[in-house]
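K.L.:
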Ligand code: TRP
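Numbering (our numbering), first residue to last: 1212 to 1545.
1. What are the complete alpha helix (DSSP H) segments, minimum 4 residues, inside the segment 1263-1289?
2. Residue 1449 to residue 1484, Cα distance in whole Å?
3. Return yes when the C-beta of residue 1349 is under 7 Å from any heavy atom of the ligand TRP, and no when it is not.
4. With H, G and I counted as helix, E and B as strand and the rest as coil, what does DSSP make of residue 1402?
5. Leaving aside the five residues before and after residue 1227 along the sequence, list all residues of the same chain whose C-beta is less than 7 Å from its C-beta, in chain order.
6. Using a Cβ-Cβ cutoff of less than 6 Å, which residues in the same chain neighbour residue 1426 once the five nearest sequence positions on both sides are dropped?
7. According to DSSP, simplified to helix, strand and coil, what is residue 1221?
8. How about the segment 1486-1502 and the segment 1454-1466: do they share at least three Cβ pairs that are nearer than 8 Å?
9. Would you kindly work out how many angstroms separate the C-alpha atoms of residue 1342 and residue 1518, rounded to a whole number?
10. Below 8 Å on the Cβ atoms is my contact criterion, and I expect residue 1468 with residue 1446 to pass it. Report the Cβ-Cβ distance as a whole number of Å.
11. Is it buried or exposed for residue 1392, if we count other Cβ within 10 angstroms and need 16 for buried?
12. Which residues in the same chain as residue 1376 place their Cβ atom closer than 6 Å to its Cβ, once the five residues preceding and following it in sequence are excluded?
13. My output table needs one value for residue 1510: the three-state DSSP class, helix, strand or coil.
14. Exposed or buried, what is residue 1408 when buried is set at 16 or more other beta-carbons lying within 10 Å of its beta-carbon?
15. Relative to the alpha-carbon of residue 1323, which residue among 1262, 1498, 1438 has its alpha-carbon at the smallest distance?
16. Please report how far the alpha carbon of residue 1224 lies from the alpha carbon of residue 1542, in whole angstroms.
17. Using three-state DSSP, classify residue 1381 as helix, strand or coil.
18. Provide the residue span of the beta strand (DSSP E) that contains residue 1204, from first to last.
19. Check each candidate in 1293, 1429, 1245 and name the one with the smallest Cα separation from residue 1257.
20. Just the Cα atoms here: how many angstroms apart are residue 1358 and residue 1349?
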C-alpha cells in the first residue's frame, strides 16, 4: 500500500509504432486507474535492448512513448511515468532475482522460444532472463496488481513463483502480485486477418491502425478491412472481421455490440466501415493534437521525467535495500 492505495504496475516497450490495439487494449484503460490505485507505468527500455536497437531511433521512440502516455490522459502528477533505465534498482534487483530463477523455468517461456526463433542470430542471455527483469519491475513496487495482456501472463505467473520462493526463504519481503482483472481492455485484431492480433510488427501495414496515422489513412484502412460475404452487421463468431469492427466501434463510442447491430441493421458493410473509420478518427485526432502540443513543450516533459524518476526511485530503493539486507549483502558505509 502507498498512500492508502493498492499499487498497480505496468510497462510498455517503445519499439515499433503503437497501434490502435495498444491504445484501446491497454493505454486507454490505464488513464482511469489512478483513482483507485497508486500507479507506476514504465517505459521498459531495459527490456528493449534484448533486441538490437538503433540508438538514436530508440531514444526518440522512448521519449515518444512517454509523451504518448501523457497525451493519452495518464496524469503525470497522479501517476508515476518513467523510464525503467533511469531507476537503477530495476537492474540491481533483476540480478538478484536471476539467482532465484531456474533455467528450466526460463526455458519454458513461450515468448523466449518465439523470440529466439525470430532473432536466431542474437539469442542473448538478456533475452533468456527477460522475465527476471520483469519480476524485478513488478516486485520493486510491491505491486498488488498488474494489467497484462495474455502474452505476458506466463511472465506474471513466473514473477509470482519467484516472489513466493524468495519469501519462503527470507520471510515476507515481496507482495505477491495478481493480474489486474478490471474492465478488460478490448482485444483488437488485424484488419487484414481478424484471427490475428493487431500488431506493431505486422508486415502488412494495412492490418494495423497506427496511433499517428492521419485521418485519410485511417479511413482508407477501414474501407479495405477484410470482412465476409454475409452482408449483415452482426456480432457473431462466424464473422470475425465484422466482430472486430464492432469491438472497435463500441470501444470508441461507448455503445454496446447490440446497439451497434441495431444502428446498422439493413445497411451494407460500406456504411458501417465508414462509421468505424469516423469513430476512430474522432478518438485519435485529439490524441494526436495533444501529442503534438506536448512534444513541443520540452521543459514540461523533461520535468515530468525528472520528478517521476525520483518518485519511482524512492519506492524502488526501499524494496531493494530490504532485499540486499535479507540476502546478506554488507551495509554500505556512509
Ligand atoms: N515485457 C512487457 C511487454 O513487452 C513490458 C513489461 C516490462 C511489463 N516489464 C513489465 C509489463 C512489468 C508488465 C509488468 O509487453
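Even for Gly, the Cβ is constructed at its ideal location relative to N, Cα and C.
P.N.:
Let me spell this out:
1. 1266-1282
2. The residue given as residue 1449 occupies position 238 in the chain shown. The residue given as residue 1484 occupies position 273 in the chain shown. C-alpha separation (whole angstroms): 18 Å.
3. In the chain shown, residue 1349 corresponds to position 138, counting from 1. At least one heavy atom of the ligand TRP is nearer than 7 Å to the Cβ of residue 1349, so yes.
4. The sequence position of residue 1402 within the chain shown is 191, counting from 1. Here residue 1402 sits in coil by DSSP.
5. Here residue 1227 corresponds to residue number 16 of the chain shown, with the count starting at 1. Excluding sequence neighbours, residue 1227 sits near 1411, 1412.
6. If you number the chain shown from 1, residue 1426 lands on position 215. The residues are 1492.
7. Indexing the chain shown from 1 puts residue 1221 at position 10. In this structure, residue 1221 counts as strand in the three-state DSSP scheme.
8. yes
9. Here residue 1342 refers to the residue found at position 131 when the chain shown is read from its first residue. Here residue 1518 refers to the residue found at position 307 when the chain shown is read from its first residue. Spanning the two alpha carbons is a distance of roughly 27 Å.
10. If you number the chain shown from 1, residue 1468 lands on position 257. If you number the chain shown from 1, residue 1446 lands on position 235. That pair is a contact at about 4 Å.
11. The residue you call residue 1392 lines up with position 181 of the chain shown. The residue is exposed, with fewer than 16 neighbouring Cβ atoms inside 10 Å.
12. Here residue 1376 refers to the residue found at position 165 when the chain shown is read from its first residue. Once the five neighbours on either side are set aside, the close Cβ partners of residue 1376 are 1311.
13. Reading the chain shown from its first residue, position 299 is the one you call residue 1510. Here residue 1510 sits in helix by DSSP.
14. Numbered from 1 along the chain shown, position 197 holds the residue referred to as residue 1408. Classification of residue 1408: buried, given that the 10 Å Cβ count is 16 or more.
15. Within the chain shown, numbered from 1, the residue matching residue 1323 stands at position 112. Answer by Cα proximity: 1262.
16. By one-based count along the chain shown, residue 1224 stands at place 13. By one-based count along the chain shown, residue 1542 stands at place 331. C-alpha separation (whole angstroms): 34 Å.
17. For the purposes of this step, residue 1381 is taken as the residue at position 170 of the chain shown. Helix, per DSSP.
18. Look at the range of the chain in this structure, 1212 to 1545, and you will see that residue 1204 is not part of it.
19. Position 46 of the chain shown, counted from the start, is the residue given in the question as residue 1257. Comparing Cα-Cα distances from residue 1257 to each of 1293, 1429, 1245, the minimum goes to 1293.
20. On the chain shown, residue 1358 is found 147 positions in, with the first residue counted as 1. On the chain shown, residue 1349 is found 138 positions in, with the first residue counted as 1. Their backbone Cα atoms lie some 11 Å apart in a straight line.
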